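Q: Okay, here's the structure, questions in a sec.
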Amino acid sequence: MKINKGIAVAVAALSIVGLAACGNSNAASGTTDTKADKGLDVIGDTITYDPNHLVNDGKPIQLEYWSWGSKGTDPVYKMIESYTKTYPNVTIKTVNVSWDDYWTKLPLALKGKNGPAVFNIHNSHDALIRPYAADYDIDTKSLESDYSTASVHEDGNGKVKYIDSVINTGNIYYNKTLWSEAGLTDADIPTTWDEFIQVAQKLTKTDGSKMTQAGFNFNGDAYSAIYQGLNYQKGELLFSEDGKKANYNNDVTKENMQFLKDLYDKYKVGSVDFGNDYTQSFGNGQSAMIYAWGHMEGTLKEKYPDIDYGVFATPTFSEDTPFAYDRYNGESTPGVNKNQSKEQQAVAQDFIKYLLANDDYIREAVSELNSFPAKTSLQNDKDILSKPVMAAIQPRVDRLIWPGPAPSTVESSGTTAFQNVFQNGMSIDKALKEAQGQMDTDMKSSDFTSMESKYAYFDEHK
């Protein structure tokens, strides 16, 4: 049954009214706080937070926090508990909205006066929320001092609406059992792609002409991420110099597509016919190594808990320091609704400062999101570095680049090119040309501008 588009929008709008009408009262009933001195220490490094004050003059106030996450997957939930315990006059109601609905319902809610005062952000939807997000009421230099990636989020006025709490990038996951069976030890962990090929060949098994164990598997959607890292290693930008156009059809992309094809066709460490899902193949113990980001740990824990695996840094083409080891992406700190009342915005800004000064928030984000702290004071923390993914990222963190909230076509069109070459027998030249054309078409009306020029080593690119 087809539903009239106008009716669908109206239904969505009515559901927003229902969500926003609950719990967004400035004069909420509740406890009055009269004790400014909480007897608590000031927290933070450059960004500091003194909890010994009254919030909203101690008068009861209720805010909403919207998120697609929940307790255990969104670190803000736990911080709400500690904040409202310190300030009993403040109630922050959490509202969970599914990811698929979130990016329709949230902008509609933020347009009005009753939207959530605080809301979860994913930078891939920056354009949707930016018009409604207030600038952080925190000194920009302090943000830059405490958070290593803060500067890339500054607008033309030097203001930010959110920053990264933690960041992530790609690594190589390997099956420790298969590694040991092949006679490999920690001393065999490769640092270059040439060494990687030799290791992958030792991890590959065949029965006649049939592959029974892949040394390395990138079937599925792995290419869309790994090609970006390979290009960056060789100094090739993901976007044009002006940051407006995708830079896909070039000699470096061609070289790296051929390199990946050689892994399968020349070095025989994997096969396009060896399943179509690298995650499942690794989880089932059929593939010895894969390239994946930090979220893989959660997938393995949930779906493949019996796999004994390790993590090491993605190899490079030589022992020399590359332009960048890989792309990174960040998990964003919450946004503040600029259309809410002054009272709610003031409390929201206070809560944001509480988060950014508080190491507990970052530790919780590291734990829940399996991502590396953007807070510089925690980047050498022993407890954090005891986690395999964190230990793999830490030595490379200064040489990771963020291209910005890139349009989805950069990945989807890249995946199509991969499929055309590996599965459909198309020439690399033709596949890259077609993918570039699709990216150009998709980005024609986009206002996206790459953040690559903000990378500290930008001048080293090709």
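Residue numbering for the sequence shown is -27 to -1, 1 to 435, as defined by mature numbering (1 follows the signal peptide of the UniProt record, and there is no 0).
Ideal Cβ positions, reconstructed from N, Cα and C, are used throughout, including at glycine.
Predicted model, so just to flag it, every value in this text is computed and none were measured.
(1) Between which two residues does the beta strand (DSSP E) harbouring Phe232 extend?
(2) State yes or no: is the beta carbon of Leu176 nearer than 7 Å to at least one beta carbon in chain D?
(3) Which of the three DSSP states is assigned to Ser71 in this structure?
(4) By a C-beta neighbour count over all protein chains shown, 10 Å radius and 16 as the cutoff for buried, is Asp299 buried or exposed?
(5) Could you have a look at Lys183 and say whether DSSP puts it in helix, strand or coil?
(6) Under 7 Å between the Cβ atoms of Lys134 and Ala155?
(7) Let me make sure I understand the geometry here. Which of Gly17, Val362 and Lys311 has the alpha-carbon closest to that of Ser118?
(8) Taking the alpha-carbon positions, what's the Gln409 to Pro307 distance?
(9) What did DSSP end up calling Ser423 once you bin it into helix, strand or coil?
(10) Let me confirm a value: Asp47 is counted as buried when at least 16 other C-beta atoms fall within 10 Å, else exposed. Which label applies?
(11) Please go through the same chain and pick out, in chain order, the residues whose beta-carbon is closer than 6 Å to the beta-carbon of Trp72, but skip the five residues on each side of it.
(12) Can you tell me whether Ala265 is helix, strand or coil according to DSSP?
(13) Counting only runs that start and end within the stretch 36 to 103, where is the beta strand (DSSP E) found for 3 or more residues in a row?
(14) Mind reading off the beta-carbon distance from Thr4 to Asn96? Whole number of angstroms is fine, and I expect it under 8 Å.
(15) Give the single residue among Gly216, Asp279, Thr289 and Asn192 whose Cα lies nearest to the Cα of Asp250.
(16) Pull up the CB-CB distance for Phe285 and His434, whole angstroms please, since I reckon it's below 8 Å.
(17) Could you pull out every unbroken beta strand (DSSP E) segment of at least 3 residues lying fully inside the stretch 159 to 224, listed in chain order?
(18) Taking the alpha helix (DSSP H) that Ala286 falls in, what are its first and last residues?
(19) Would you say Met412 and Ala195 are within 7 Å of each other, going by their C-beta atoms?
(20) Go ahead and label Asp6 buried or exposed: buried means 16 or more other beta carbons lie within 10 angstroms of its beta carbon, across all protein chains shown.
(21) Could you pull the DSSP bridge partners for Glu304 from this structure?
A: This is what the structure gives:
(1) For Phe232, no beta strand (DSSP E) encloses it; the enclosing alpha helix (DSSP H) starts and ends at Asp224 to Asp238.
(2) Absent from the structure: chain D. Only one protein chain is present.
(3) Under the three-state reduction of DSSP output, Ser71 falls in the coil class, being neither helix nor strand.
(4) Buried, since its Cβ has 16 or more Cβ neighbours within 10 Å.
(5) Note: Lys183 maps to strand in three-state DSSP.
(6) The criterion of a C-beta distance shorter than 7 Å is not satisfied by Lys134 and Ala155.
(7) It is Gly17.
(8) About 34 Å.
(9) In the three-state reduction of the DSSP assignment, Ser423 falls in the coil class, being assigned neither a helical nor a strand state.
(10) By the 16-neighbour rule on beta-carbons within 10 angstroms, Asp47 is buried.
(11) Only Trp41 meet the Cβ criterion.
(12) Note: Ala265 maps to strand in three-state DSSP.
(13) Correct list: 63 to 69.
(14) With a contact defined as Cβ atoms closer than 8 Å, Thr4 and Asn96 miss out at about 36 Å.
(15) The shortest Cα separation from Asp250 among Gly216, Asp279, Thr289 and Asn192 belongs to Asn192.
(16) Contact flag wrong, Cβ pair sits at about 26 Å.
(17) With a minimum length of 3 residues, the continuous beta strand (DSSP E) runs that stay inside the stretch 159 to 224 are 178 to 180 and 183 to 186.
(18) Counting along the chain, Ala286 falls outside any alpha helix (DSSP H), though it belongs to the beta strand (DSSP E) covering Tyr282 to Ala286.
(19) No, the pair does not count as a contact, with Cβ atoms beyond the cut-off.
(20) It counts as buried.
(21) Glu304 has Val139 as its beta-bridge partners, per DSSP.
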